[in-house]
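What follows is a single structure, written as structure tokens, with notes after it.
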Amino acid sequence: MKKHILLFTTLTLLASACQNQLDLGFEHDPECLVMNALLNTNDENHSVYMSLSRFEGTLEVEDAQLRCYINGTAVAEAEYVAPSYKPSYYSLTNSQYRFTARIRPGDEVRLEATRGSLRASATVVVPQAAAITAVDTTFVEKSPYFTNREDGEGALACRLKLQDIPGQSNCYRLVTYYDYSNRFYDYTYREKIGFGYLQDPILKDRFVPEQKKGNDLAALFFMSRPNSYCTFRDGDFADGTAEVEIHIPEQYYNAPAEPDPDNRITRKFEYVLLSITQDEYDYLGQVDKSLNASSHLGRLEEPIRIPTNVEGGLGFVSVASAATLSLTYDD
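Every position in the sequence shown, counted from 1, becomes a number in this note's numbering once 229 is added.
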């Protein structure tokens with residue numbers, strides 16, 4: 230009986246302790262600039278996202294000054310990009326700034342932002358570029374990535390040959406773009422497309438297969454960790470080459486029902502291998518982890534640490550080197 234009384238008393242004390250309120254206040258509302266940007270050498274038009282961090286949340290910043298320095302020389306001043314739509318019932322928490330500059334592998338890139346008395350800056354050395362040396366494609370009628378999809382289960386299987394940067398440990402990210410051009414209607418568009426890759430032994434990297442469902446406690450720890458950004462390391466092919474396979478959904482390459490004798494329609498896939506820093510690899514991994522943790526209610530998860538490399542503020546800035554290979558075909 231004494232044990233039960235002791236346990237009840239302990240629980241009562243714990244419950245009352247949890248009800249104590251702690252007052253947290255500041256004489257002055259702390260403010261700092263937040264700056265985020267994932268740039269790469271494949272583009273000359275670059276976007277930086279900024280906001281003002283305050284105790285109660287983040288606010289958009291329309292009047293900041295943002296400059297880009299390459300190897301110590303000022304090369305561009307960013308301009309604020311007004312959003313095409315502003316919601317009526319809530320405030321935006323991010324502002325886009327855009328500048329034009331040619332960035333090359335090995336450059337030292339520095340972004341400096343000011344707003345009144347607030348200062349924030351970030352310096353990044355651009356890694357060297359790897360290479361995509363070949364691509365081989367074949368049609369797959371039933372792809373394991375697109376089972377039971379309403380728009381088709383087929384896929385264009387693309388086998389890419391990658392060349393590692395020798396003499397160092399490297400991190401990469403694979404991205405694919407789709408370009409469509411119709412010369413008859415003078416219409417073109419370009420989009421970044423998703424693809425299946427988590428069955429490839431190199432590209433799956435962080436991915437852990439999902440365990441059996443049910444009350445198994447292990448399932449709480451070993452549920453799928455997505456690798457949404459297709460980031461991977463060169464541990465399995467250091468200083469050499471690797472062949473990886475991705476599957477592109479069939480709606481991107483299906484030919485029209487009637488052939489076009491004038492070849493007015495052109496489709497192009499652009500495969501981009503980004504050489505990224507270890508910091509960017511870690512950053513994208515933590516973003517993935519945070520998204521995955523929020524999608525699995527009740528999952529036990531260690532603390533999520535989002536890296537920051539912005540001095541005087543918050544955020545993350547990185548520049549990747551791009552190696553590209555294109556595959557073009559006409560209908």
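A virtual CB, placed ideally from N, CA and C, is assigned to each residue, including glycine. Small disclaimer: the values here were computed from a predicted structure and weren't measured.
Output the residue ranges of the beta strand (DSSP E) runs that lie fully inside the region 364–448 and measure 3 residues or longer, sorted by chain position. List check, beta strand (DSSP E) in window: 384–392, 400–411, 416–422.
So, is the C-beta of Lys-433 closer than 9 Å to a C-beta in chain B? Absent from the structure: chain B. Only one protein chain is present.
Among Thr-352, Asn-271, Thr-366, the one whose alpha carbon lies nearest that of Arg-333: Put simply, of Thr-352, Asn-271, Thr-366 the residue whose alpha carbon is nearest the alpha carbon of Arg-333 is Asn-271.
Strictly by DSSP, which residues pair up with Asn-274? Residue pairing for Asn-274: DSSP places it in a beta bridge opposite Thr-329.
Which residue from Glu-479, Pro-259, Leu-554 puts its Cα closest to that of Glu-382? Nearest C-alpha to Glu-382 among Glu-479, Pro-259, Leu-554: Glu-479.
Report yes if the CB atom of Leu-347 is closer than 9 Å to the CB atom of Gly-542, and no otherwise. Contact check for Leu-347 against Gly-542 passes: the beta carbons are separated by less than 9 Å.
Close Cβ partners of Lys-421 (< 6 Å) along its chain, the five nearest in sequence each way excluded: Contacts found: Tyr-406.
Three-state secondary structure (DSSP) at Val-355? Under the three-state reduction of DSSP, Val-355 is assigned to coil, being neither helix nor strand.
Identify, in the order they occur along the chain, each residue of the same chain with its Cβ nearer than 8 Å to the Cβ of Asp-508, setting aside the five sequence neighbours on each side. Contacts found: Pro-536, Asn-538, Phe-545, Ser-547.
Ala-305, enclosing beta strand (DSSP E) - first and last residue: Going by DSSP, Ala-305 is part of the beta strand (DSSP E) stretching over 302–306.
Under three-state DSSP, which class holds Lys-497? If DSSP states are grouped into helix, strand and coil, Lys-497 belongs with the strands.
What would DSSP say about Val-290, mapped onto helix, strand or coil? Correct three-state label for Val-290: coil.
Is there contact between the region 347–360 and the region 388–405, where contact requires at least three CB pairs shorter than 8 Å? A contact exists between the region 347–360 and the region 388–405.
For Val-548, which residues does DSSP report across the bridge? Per the DSSP secondary-structure output, Val-548 pairs in a beta bridge with Leu-268.
Where does Ser-519 sit, in a helix, a strand or coil, going by DSSP? Ser-519 falls in the helix class under three-state DSSP.
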